[in-house]
Structure formats: structure tokens, C-alpha cells
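Quick note on numbering: the sequence shown equals residues 1313 to 1578 in our numbering.
Where a beta carbon is used, it is the ideal one built from N, C-alpha and C, also for glycine.
Predicted model only: the values in this text are computed from it and were never measured.
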Amino acid sequence: MKKYLVLASALLFLAACGGNTASDDSSSSQESSNIVSSSTSKVKESSKQSESTKQSTSSSTTTNSQEATGDNELQQAYPNEQTPAVSSVGNAQAISIAAREVNNTLTISYYNTESKLPLNDPQLENQTPVAQFQRITYDSPEEARDAVAPSFDGGGQAIDLGYNITGYQQSGAGSSYLSWQEGNWNLTVQAININGEDPVPLAQEIVEYLETAFLPIPKDAGQISLSVTGGGFESNVVAWQVNNTAYKTMHTDALSSLQMAVSMKK
1313 MKKYLVLASA LLFLAACGGN TASDDSSSSQ ESSNIVSSST SKVKESSKQS
1363 ESTKQSTSSS TTTNSQEATG DNELQQAYPN EQTPAVSSVG NAQAISIAAR
1413 EVNNTLTISY YNTESKLPLN DPQLENQTPV AQFQRITYDS PEEARDAVAP
1463 SFDGGGQAID LGYNITGYQQ SGAGSSYLSW QEGNWNLTVQ AININGEDPV
1513 PLAQEIVEYL ETAFLPIPKD AGQISLSVTG GGFESNVVAW QVNNTAYKTM
1563 HTDALSSLQM AVSMKK
């Protein structure tokens, strides 16, 4: 009888051990499943982040490419030319460019468009430029100086323009002209009398701007002719001479014409 009791106890002990082992195996399997699930989730999340980064980078690259289209083409077409920064003309993403060189004259025209077009796009042919740059090479420095046509008249009423600069204002042919000099530069602001325009505020704005912004240095002559009214791009001209070459920046806006020239300072 004792033998039977010992045998039954042994069998009960083995059964209990087997149950615990199965429970441990089940727990271990569950933990392993959780680890695999967590790892898979992290891999998926990493993949999503990588894809998002790729899309962001691709979008940024596309935008930069679109912004630089005309500029890069201009640099490739005229690698040895220094030209105004497109940002000085206006919103660089919406400025399109046409360029041509004929008889030693390089002309670059800038247009306001809904989006940037390729260089010399046919759509620009019937549009009016908002700005223009010219580089004209002459046979002699004298010819280049004559093309710049420097002019200054110190007569008329003295006007304090600030920063120890005095301008001289006089009237004629329905306009008022305010002129002054800065270095080798002669500057004139024109105002239309019939429109009640005053050249002084614009002249003072230009003087203040040029206190911190620096124009190219003319070899002999520099002439700036600006208009209060504005109008076509030829109403605001910044022209200067370097040896036998004359440069001109022109813009419908007076300050923008100056900014174009300032962007070319070496």
C-alpha cells in the first residue's frame, strides 16, 4: 500500500512540473512575439520617416531648380559676364530673363511673370521688361564716357539731403531737378511740376540708402538719373564707365535700379 502511495505522489509531482514548464514556454513565446511586433513597428515607422524625408528633399530640390532655371542658363550662356542679382530686380521666383548680344552690346531684359520661365522663352517676346541691364564695349574710354553722359549743375537752391550732402534744385520745362554728387557719381532726381511732385523725399531716401549700400566704382564717370513718377524702365538709369566699357542698370522703380547696380559691386 505504501508503494502505491509513493508512486502516486511521484506522478502528481511530475504532472505539476510539466504544467509549469508549459506555462513558462507560453510566457516566453508571448514575450518573443511582443518583441518582434515592436521591432516590426519601429521598422515601419522608420520607413515612413525616410519616405517623408525623401519627399521633402525632392520637393525642396524641385523648388530650388525652378527658381534657378533662368539664372543658371544665363550664367552658362555668358560665363564671363557679371550681371545684376535677380533678387535685386524683384521676386526671383517670378522674374524671367531674355538675353542677347549684338555688336558688342549685351542686353539682358527682366520680366515679371507668373512663374519663372526658361531663358529667352518665346512667351517673353511680346512682353514689356520691368528692368534691363546693358554692357556696351566701345573702342576707347572716351567713347564709353560719352555714353555714360555725366552731368552736374550746381546752380539753383541749396537743399540739405542729410549726411553732410547738399543738393541743388532748379526748375525748367515743367520739371524740377535736384542734383548732387557722391564720389565719381553725379545724381539727379526729376519731379514733374504739373503733378505736384517734390524731388526732395526721393533724393533723401537715395542718400540714406547709399550710406550703407555701395555702388560700383566708376573709372572716370558715373551718372544716376531717377524719376519721382517712374514709368518705363528707362526712366531710372544708373550708368557707369570702366575703361572702354559702359554699364547700365534700368528699372521702373528708382530704388530698384540702384539695387541692381549695388549688387554688381565687386
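Give me the Cα-Cα distance between residue i and residue j, rounded to the nearest whole angstrom.
i, j, result
"residue 1468", "residue 1541", "22 Å"
"residue 1482", "residue 1431", "44 Å"
"residue 1518", "residue 1429", "32 Å"
"residue 1544", "residue 1502", "14 Å"
"residue 1392", "residue 1488", "41 Å"
"residue 1472", "residue 1413", "43 Å"
"residue 1398", "residue 1404", "6 Å"
"residue 1448", "residue 1418", "6 Å"
"residue 1478", "residue 1495", "13 Å"
"residue 1400", "residue 1394", "14 Å"
"residue 1515", "residue 1551", "17 Å"
"residue 1452", "residue 1524", "33 Å"
"residue 1388", "residue 1513", "41 Å"
Is the CB-CB distance between residue i and residue j below 9 Å?
i, j, result
"residue 1459", "residue 1564", "no"
"residue 1386", "residue 1411", "yes"
"residue 1446", "residue 1558", "yes"
"residue 1554", "residue 1577", "no"
"residue 1492", "residue 1534", "no"
"residue 1547", "residue 1396", "no"
"residue 1490", "residue 1522", "no"
"residue 1509", "residue 1475", "no"
"residue 1424", "residue 1402", "yes"
"residue 1556", "residue 1456", "yes"
"residue 1500", "residue 1526", "no"
"residue 1450", "residue 1416", "yes"
Starting from residue i, follow the beta strand (DSSP E) in both directions and report where the run begins and ends.
i, result
"residue 1472", "1469-1472"
"residue 1411", "1407-1414"
"residue 1487", "1487-1494"
"residue 1480", "1478-1484"
Among the options, which has the Cα closest to the Cα of residue i?
i, options, result
"residue 1567", "1481, 1549 and 1510", "1549"
"residue 1426", "1417, 1419, 1439 and 1415", "1439"
"residue 1507", "1547, 1513, 1390 and 1486", "1486"
"residue 1408", "1389, 1533 and 1433", "1433"
"residue 1437", "1451, 1450 and 1422", "1422"
"residue 1528", "1505, 1560 and 1441", "1560"
"residue 1511", "1537, 1526, 1456 and 1525", "1537"
"residue 1505", "1480, 1539 and 1524", "1539"
Taking the DSSP output, what are the residues bridged to residue i?
i, result
"residue 1560", "1446 and 1551"
"residue 1424", "1407"
"residue 1579", "With the chain covering only 1313 through 1578, there is no way to say anything about residue 1579."
"residue 1501", "1490 and 1538"
"residue 1418", "1413 and 1447"
Could you please give the first and the last residue of the uninterrupted alpha helix (DSSP H) stretch that includes residue i?
i, result
"residue 1455", "1453-1460"
"residue 1518", "1511-1521"
"residue 1399", "1398-1401"
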